[in-house]
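Chains A and B are the protein sequences, given in the same order. For the first sequence, this note's numbering gives the first residue as 18, with consecutive numbering after it. For the second sequence, this note's numbering gives the first residue as 18, with consecutive numbering after it. This report refers to the structure that appears directly beneath it.
Number of protein chains: 2
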Amino acid sequence: MYVGRALELLRKANAEVGDRVRVVRDDGLVLEGILMPRPRGGETIVIKLRNGYNVGIKIDRIVKIEVLEKAKKVERKVPPPPSRRPEYPLVKIIGTGGTIASRVDYETGAVKPAMSAGELVEEIPELLDYADIEAEQLLDILSENMMPSYWEKIAIAVHKELLRDEVSGVVVAHGTDTMAYTASAIAFAIQDMNKPVVFTGAQRSSDRPSSDAAFNLIASVITATKAPFAESVVVMHGETGDTFAAVHRGTRVRKFHSTRRDAFQTICGKPLAFVWPWVGEMKVIAEEYFPKGDWEPKLKPKFEPKVLQLRAYPGMEPDLLLLAKEKGYKGIIIEGTGMGHVPERVIPAIKELTDSGIFVGITTQCIHGTVNLNVYATGRKMLDAGAVPLGDMLTETATVKLMWALGNYEDIDKVKEIMLKPLAYEFSNRRLLNYYRLSLNA
Amino acid sequence: MYVGRALELLRKANAEVGDRVRVVRDDGLVLEGILMPRPRGGETIVIKLRNGYNVGIKIDRIVKIEVLEKAKKVERKVPPPPSRRPEYPLVKIIGTGGTIASRVDYETGAVKPAMSAGELVEEIPELLDYADIEAEQLLDILSENMMPSYWEKIAIAVHKELLRDEVSGVVVAHGTDTMAYTASAIAFAIQDMNKPVVFTGAQRSSDRPSSDAAFNLIASVITATKAPFAESVVVMHGETGDTFAAVHRGTRVRKFHSTRRDAFQTICGKPLAFVWPWVGEMKVIAEEYFPKGDWEPKLKPKFEPKVLQLRAYPGMEPDLLLLAKEKGYKGIIIEGTGMGHVPERVIPAIKELTDSGIFVGITTQCIHGTVNLNVYATGRKMLDAGAVPLGDMLTETATVKLMWALGNYEDIDKVKEIMLKPLAYEFSNRRLLNYYRLSLNA
Chain A
18 MYVGRALELL RKANAEVGDR VRVVRDDGLV LEGILMPRPR GGETIVIKLR NGYNVGIKID
78 RIVKIEVLEK AKKVERKVPP PPSRRPEYPL VKIIGTGGTI ASRVDYETGA VKPAMSAGEL
138 VEEIPELLDY ADIEAEQLLD ILSENMMPSY WEKIAIAVHK ELLRDEVSGV VVAHGTDTMA
198 YTASAIAFAI QDMNKPVVFT GAQRSSDRPS SDAAFNLIAS VITATKAPFA ESVVVMHGET
258 GDTFAAVHRG TRVRKFHSTR RDAFQTICGK PLAFVWPWVG EMKVIAEEYF PKGDWEPKLK
318 PKFEPKVLQL RAYPGMEPDL LLLAKEKGYK GIIIEGTGMG HVPERVIPAI KELTDSGIFV
378 GITTQCIHGT VNLNVYATGR KMLDAGAVPL GDMLTETATV KLMWALGNYE DIDKVKEIML
438 KPLAYEFSNR RLLNYYRLSL NA
Chain B
18 MYVGRALELL RKANAEVGDR VRVVRDDGLV LEGILMPRPR GGETIVIKLR NGYNVGIKID
78 RIVKIEVLEK AKKVERKVPP PPSRRPEYPL VKIIGTGGTI ASRVDYETGA VKPAMSAGEL
138 VEEIPELLDY ADIEAEQLLD ILSENMMPSY WEKIAIAVHK ELLRDEVSGV VVAHGTDTMA
198 YTASAIAFAI QDMNKPVVFT GAQRSSDRPS SDAAFNLIAS VITATKAPFA ESVVVMHGET
258 GDTFAAVHRG TRVRKFHSTR RDAFQTICGK PLAFVWPWVG EMKVIAEEYF PKGDWEPKLK
318 PKFEPKVLQL RAYPGMEPDL LLLAKEKGYK GIIIEGTGMG HVPERVIPAI KELTDSGIFV
378 GITTQCIHGT VNLNVYATGR KMLDAGAVPL GDMLTETATV KLMWALGNYE DIDKVKEIML
438 KPLAYEFSNR RLLNYYRLSL NA
C-alpha cells in the first residue's frame with residue numbers, strides 16, 4: 018500500500034490500487050492505466066499502461082489524478098469450469114505460484130491469485146483443442162521460496178492425480194527460479210510413474226505482450242496428452258521466438274539464462290522431445306525413456322531439508338564445511354572445480370564430516386562433463402576422506418536426490434548406495450561430446 | 018612410495034618408481050612401461066604404458082618383475098636456454114603448476130617439475146617460429162589449491178616482466194580448474210596493462226597422445242606476440258580438434274566442461290580473438306579492448322581471502338550466511354537463483370551482515386544473463402537489506418574482484434563503489450542474445 022504523501026494524494030482522488038486512472042504531469046503528459054502497488058522507495062506512484070509496461074511518476078510532478086474506472090472489488094467472477102467432453106483427454110493443471118500466475122494478481126490488485134479451469138480456458142482457449150482442463154491452486158509462492166517440504170505437498174497432489182484413470186497427464190505451473198529442483202524432486206518422490214508430469218512456467222508475466230505463459234501452457238498440455246513417456250519433465254520455449262517448445266528431463270535440466278524465454282537447457286544430453294504448440298505436434302527425439310503404462314505409481318515424498326550445498330573456490334576455508342557438523346546437517350553436496358576437486362586444505366574437514374556419518378557428495382561446477390576423483394592426487398585424497406563422486410549428476414539434482422535419500426533411508430550406507438544408483442536418468446547414460454557446444458557464433 | 022607386499026616385491030626386483038619395467042602376470046600377459054607411484058588402495062602396482070595409459074596389476078597375480086632401464090637418477094640434464102635472436106620478439110613463460118607441467122613429473126618420477134626455456138623449446142620447437150622464450154617456474158601447485166595469496170605472487174612476477182622493454186608479452190601456464198579465477202585476479206591486480214598476459218593450461222597431460230599442452234602453448238605465444246590488446250586472457254582450444262584456439266577475456270571466461278579440450282567459454286559475449294597455431298595466424302573479433310601501449314602498468318596485488326562464496330538453493334538456511342559474521346569474513350558473494358534471488362527467509366541474515374559492514378554481492382547461478390533485483394518482491398526486499406546486485410558479472414569474477422576490492426580499500430562505501438565500477442570488462446557492455454545458445458543439436 019502507498020504511504021505518506023502518495024497515499025494522501027491518492028485518497029484525495031479516491032483512487033485505489035487496481036483502479037483505472039488518468040494522471041496528468043506538470044509538463045502536460047497524460048498517462049492512463051491501472052494503479053499498481055507501491056514501488057520500493059516511495060515518492061512515486063506506478064501506473065501499468067495498456068501495453069503492459071509500468072511507469073513511475075514522481076509525486077511532486079503530478080498535477081491531477083482522476084479515476085476512470087474502479088477496480089472490480091466484488092468477488093472475482095470465476096467462470097464455471099468447462100463441461101467434460103468425453104472424447105477429449107483430461108489434463109490436471111496444478112498451480113504453485115510464480116510468474117506464470119501473475120496476471121490475475123496485477124489486474125485485480127489481489128495478493129493471492131487463484132487458478133481456476135474456467136479462467137484458464139477463458140484466457141487460453143487453445144487449451145480446449147487438446148484436452149479438457151481441470152485446475153487447482155495448490156500453493157502460491159515465488160519459486161525462490163520453494164522448500165523441500167513443499168516438494169512433498171506437490172508430490173502428494175500429483176500422485177493423487179496420477180491414480181485417477183480419467184487423467185491423461187498432470188501439468189504443474191511453477192516459478193522458473195527453482196523449477197528444475199522441483200521437477201527433479203518429483204522424479205524421485207514418485208516412482209514407477211505411469212503418466213507424464215509436466216512442469217512449466219513463464220519468464221515474462223502474462224500482462225506483458227512478450228509473455229511466454231500461454232505458449233508454454235499449451236505446449237505443456239500437448240505434452241501431457243501426447244507424450245509416450247511417463248517422466249517428470251520441464252516444458253519451456255525451445256528458442257526465443259514462438260515456434261517450438263523443448264521437453265527437458267526433470268533431472269537433467271537447468272535454468273541457464275536469467276531472463277530469456279528459452280532459458281532452460283538439458284545438460285549432457287538432448288531434450289526428450291520438441292512441441293509445436295500452434296499446430297499441436299510433438300516430436301520425440303529421445304531414444305530411451307520411462308514409458309507410460311497402467312501400473313500404480315509409488316509415492317515416497319519425504320525430503321530431509323538439512324542438506325548443505327557448497328561450491329569450491331580459491332580461498333575456501335574448512336569452516337564452511339564444518340558448519341555442517343556444528344549445525345546438524347545430514348549431508349552436503351560440494352560443487353568442486355574441474356573434475357570435482359576441492360582445495361587440499363579442506364580435505365581433513367571432509368574426513369571429519371564423513372567420520373561423523375555425514376554424507377559428502379561431489380559434483381562439478383563446470384556443469385558439463387563428469388566428476389572423476391581418480392585422475393589427480395587431490396581427487397584420490399578426497400576419496401580417501403570418504404567423499405562420494407556423483408558422476409555427471411547436476412548439482413541441483415544431486416542436492417534434491419540427497420535430501421530425498423536422507424528423507425527415506427536411515428542407514429548411511431544405504432544412502433550412499435541410493436545416491437550412486439540411477440533412478441530417473443539423473444546420470445546421463447552417454448556423455449556425448451556433441452551435447453556441449455562452444456559459443457563461437459562470432 | 019609403495020608399502021608392504023608391493024614394496025617387498027619391488028625391492029626384490031630392485032625396481033623403483035620411474036624405472037622402465039617388464040611385468041609378467043599369471044595368465045601370461047606381459048606389460049612394459051614406467052613404474053608409477055603407489056596408487057590409492059595399495060594391493061596393486063601401476064605401470065604407465067607407452068601409449069600413455071596407466072595399468073594397475075594385482076600383486077597376487079604378478080609372476081615376475083624385471084627392470085629394463087633404471088630411471089635417470091642424476092640431475093636432469095637441463096638443456097641450455099636458446100640464445101637470443103634480436104629479430105624475434107621475447108615471450109616470458111611463467112609456470113605455476115598443473116596438468117600442463119605434468120610430463121616431466123611422470124617421466125622422472127620427480128614430484129616438483131621445473132620448467133626451463135631450454136626444455137620447453139626442445140619439446141615444442143614450434144615456439145621458436147614466433148618468439149624467443151624465457152621461462153621461470155614461479156609456483157608448482159595444482160590449481161585447485163590456488164589461493165588469493167598466490168595471485169599476489171603471480172601479479173608481482175607478471176608485473177615485473179611487463180616493465181621490461183624487451184618482453185612482448187607474458188604467458189602463464191596454470192592448472193585449468195581455477196585458471197579463470199587467476200586470469201581475473203591479474204586483470205584487477207595489474208591496472209593500465211601495457212602488454213598481453215596470456216593464461217593457458219592443458220586438459221590432458223603431455224604424456225598422453227591427446228595432450229593439448231603444446232597446441233595451447235604455441236597459441237599462447239602467438240597471442241603474446243601478435244595481440245593488439247593488453248589484457249589478461251585465457252587461451253585454450255577453440256573446438257575439440259587441433260584446429261584453432263580461442264582467446265577469452267579473463268574476467269568473462271569460465272571452465273565449462275570437466276574434461277573436454279575446448280572446456281573454456283566466454284560468457285555473455287564472444288571471444289576476443291581466435292588463433293590458428295599451425296599457421297601462426299590470429300584473428301581479432303572483439304570490437305572493444307584495452308590496447309597495447311608503452312605506459313607503465315600499475316600494481317595493486319593485495320587480495321583479502323576472507324570472502325565467502327555461496328549458492329542459493331531450496332532449503333538454504335540463514336546459518337550459512339551468518340557464518341560470515343561469526344568467522345570474521347569481510348564479504349560474501351551469493352549466487353542467487355534466476356535474476357539473483359535468495360529464499361525470503363534468509364533476507365534478514367543479509368541485513369544482519371550488511372549492518373555489520375560485511376559486503377553482500379549478488380550474482381546469478383543461471384550463468385547467462387544479468388541479475389535484476391527490481392523485478393520481483395524478493396529482489397526488492399534484498400535491496401532493502403543492503404544486497405548489491407552485480408549485473409552479469411560471473412560469480413568467479415565477482416568473488417575475485419571482491420577479494421581485490423577488500424584487499425585494497427578499507428571503506429565499505431568505497432568497496433561498493435569499486436564493485437559497481439567496470440574496470441576490466443567484468444560487466445559485459447552488451448548482453449546480446451546471440452551469445453546464448455540452446456543445445457538443440459538433436
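Note that CB positions come from ideal geometry on N, CA and C, so glycine has one too. All of these numbers come straight from a predicted model, not from anything done at the bench.
Interface residue (Cβ-Cβ distance to chain B less than 8 Å): residue 422 of chain A is not classified as such. For residue 100 of chain A, no alpha helix (DSSP H) run applies, since DSSP gives it neither H nor E. By the Cβ test, the region 148–155 of chain A is not in contact with the region 300–313 of chain A, since fewer than three Cβ pairs between them sit closer than 8 Å.
Under the Cβ criterion (8 Å, minimum of three pairs), the region 80–87 of chain A counts as touching the region 36–44 of chain A.
If you check the CB distance, residue 350 of chain A and residue 388 of chain A do not come in under 8 Å. If you look at residue 396 of chain B, you'll find it isn't in any beta strand (DSSP E); it sits in the alpha helix (DSSP H) that goes 394–401. In this structure, the CA atom of residue 254 of chain B is about 17 Å from the CA atom of residue 144 of chain B.
Rounded to whole angstroms, the separation of the alpha carbons of residue 249 of chain B and residue 246 of chain A is 48 Å. If the five residues before and after residue 275 of chain A are omitted, its C-beta is found closer than 8 Å to no C-beta atom of its own chain. Cβ proximity to chain A below 9 Å picks out 356, 357, 358, 359, 360, 361, 362, 381, 382, 383, 384, 385, 386, 387, 388, 389 from the region 356–389 of chain B. Going by DSSP, residue 112 of chain B is part of no alpha helix (DSSP H) but of the beta strand (DSSP E) stretching over 107–112. For residue 290 of chain B, the enclosing beta strand (DSSP E) has its first and last residue at 290–293. Interface flag for residue 324 of chain A against chain B is set, since a Cβ pair is found closer than 8 Å. Within 9 Å of the CB of residue 407 of chain B, no CB atom of chain A is found; the nearest one sits about 12 Å away.
Not a single CB atom of chain A sits nearer than 8 Å to the CB of residue 75 of chain B. Not a single C-beta of chain B is nearer than 8 Å to the C-beta of residue 294 of chain A. Residue contact check for residue 240 of chain A against chain B: no CB pair falls below 8 Å. Assignment of residue 223 of chain A by DSSP, reduced to helix, strand and coil, places it in the coil class.
Counting the other Cβ atoms within 10 Å of the Cβ of residue 394 of chain B gives fewer than 16, which makes it exposed.
Among the residues of chain B, those whose CB is under 7 Å from the CB of residue 273 of chain A are 383, 384, 385, following chain order. In chain order, 395, 398 place their CB closer than 8 Å to the CB of residue 361 of chain B, counting only its own chain and leaving out the 5 sequence neighbours on each side. Under the 10 Å beta carbon count, residue 168 of chain A is surrounded by 16 or more other beta carbons and is classified as buried.
From the beta-carbon of residue 229 of chain B, no residue of chain A is found nearer than 8 Å; the closest lies around 14 Å away. The region 253–268 of chain B and the region 159–166 of chain B do not touch, with fewer than 3 CB-CB distances between them shorter than 8 Å. Residue 176 of chain A carries a helical assignment under DSSP once its states are collapsed to helix, strand and coil.
Nearest to residue 347 of chain B by alpha-carbon distance, out of B/413, B/425, B/292, B/408, is B/425. Under the DSSP assignment, residue 239 of chain B falls in the alpha helix (DSSP H) whose first and last residues are 230–243. Per DSSP, residue 149 of chain A lies in no alpha helix (DSSP H); the unbroken beta strand (DSSP E) holding it starts and ends at 149–154. DSSP lists B/75 as the beta-bridge partner residues of residue 61 of chain B. Judged by DSSP secondary structure, residue 432 of chain B falls within the alpha helix (DSSP H) whose first and last residues are 429–437.
Close to chain A, meaning a Cβ-Cβ distance shorter than 8 Å, is no residue of the region 200–213 of chain B at all. Spanning the alpha carbons of residue 370 of chain B and residue 391 of chain B requires a straight line of approximately 21 Å. Contact annotation: residue 47 of chain A and residue 241 of chain A have beta-carbon atoms that are not nearer than 8 Å. Excluding the 5 residues flanking it on each side, residue 406 of chain B has same chain C-beta neighbours closer than 6 Å at 357, 379, 388, 390, in chain order. For the options B/218, B/427, B/365, B/212, the alpha carbon positioned closest to that of residue 402 of chain B is the one of B/365. At a Cβ-Cβ threshold of 8 Å, residue 181 of chain B and residue 149 of chain B do not count as neighbours.
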